[in-house]
Amino acid sequence: MECRCLRKNFGDLAAVDDVSFHLSEGETYGLLGPNGAGKSTTISMVAGILAPDSGKVLVYGVSAGSAAAKRRIGYVPQELALYPDLTGRENLRFFARLYGLSGRASARRIDHVLEVVGLGDRAGDLAREYSGGMKRRLNVGARLLHQPLLLVLDEPRAGVDPQSRNAIVDNVRELAAAGMAILYTTHYMEEAERLCDPGRRDRRGTSDSRRTRRELVERLGERSHISLVVQGDTASALAAARALPAVRSVPARGDEVELVVTDAGICLPEVLAAVTRDGVSVRSVQVTEPDLKTVFLHLTGKALKR
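Sequential numbering of the sequence shown, starting at 1, is according to full-length UniProt numbering.
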């Protein structure tokens, strides 16, 4: 799937401004951004629900919005699209018919999807009796029936319990491992780090170039921190740490030494060996790595959008 120079305006508001990215089979691509950044507008254009003002979306070589493209896409919106007075199985049977599935093939596919989303034992219960997390999982399942090549998920874990969140994440991992391309919007930073090579959206509806978390961190100059509580000659420990090429700065407060380093995971053994060489003992070590939340706030700003 490929997006080329997408733009979408609503009156004077530029909701999406020159967004481009591509997505390959078996890959999960994350769109992150504050509320109003244009994530849902972007994926609505990918799914063919909205037409871009300019730019193009190609779904495996076919223009988004065409019948051929829609057959390749499973779109899971934020809002639940289920019938509460039908059972889980009846809901899936209804959507299967919309996709042109019937007979034994449809029944087998429904059984498979129920197992994928973990609802096989509750298939005969009415959807209105499901928990919020179960409804979310059924919502995902309904969009898997026609075996799409691209699954588009708009914050599928919003408002559900931790167990259902984990189940949805596990489902996404398994689908990607089976070769499905997945486009995913989320506000959960830890979830994006677990699942995605994250793309970034800022508050103006533009998109950063395609980067991994580590590449974004390095681009912004964020560093790892190693905090040491030492006992002994603190001045000796500071001098030894300053001599290491990986150490960028060494602020100290009493028996606490804060090292700003390029990569804590690689240089920590070297740091400990140098600091303790002259009889200094280390009573505690804490390593803090810059995470996706750090990058997100740096790029989008900490202030609330108004």
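Backbone N, C-alpha and C fix where the C-beta goes; we use that ideal spot for every residue, glycine too. In this text, all values refer to a predicted model and were calculated from it rather than measured experimentally.
DSSP lists no bridge partner for A69. An exposed status is given to N35, since fewer than 16 other beta-carbon atoms sit within 10 Å of its beta-carbon.
Judged by DSSP secondary structure, R109 falls within the alpha helix (DSSP H) whose first and last residues are G103 to V116. Between the region 63-80 and the region 129-145 there are three or more C-beta pairs closer than 8 Å, enough to call the two in contact. Spatial neighbours of V275 in its own chain (CB-CB distance under 8 Å, excluding positions within 5 residues in sequence) are listed in chain order as L228, V230, A237, A240, A241, V257 and V282.
Annotation: the region 154-185 contains the following complete segments of the alpha helix (DSSP H) (minimum length 4 residues), in chain order: 162-177.
Cβ-Cβ separation between V113 and L144: approximately 5 Å, consistent with a contact (criterion under 8 Å). Taking C-beta separations shorter than 8 Å and ignoring five residues to either side along the sequence, the partners of R93 in its chain run S106 and I110, following chain order. The DSSP-derived three-state label of T41 is helix.
By the Cβ test, the region 60-73 is not in contact with the region 81-91, since fewer than three Cβ pairs between them sit closer than 8 Å. In the DSSP assignment, N91 falls outside any beta strand (DSSP E) and within the unbroken alpha helix (DSSP H) covering G88 to L98. Looking at the DSSP output, E2 bridges to H22 and L58. Inclusion of R7 and P52 in the CB contact set at 9 Å is warranted, their separation being smaller than that value.
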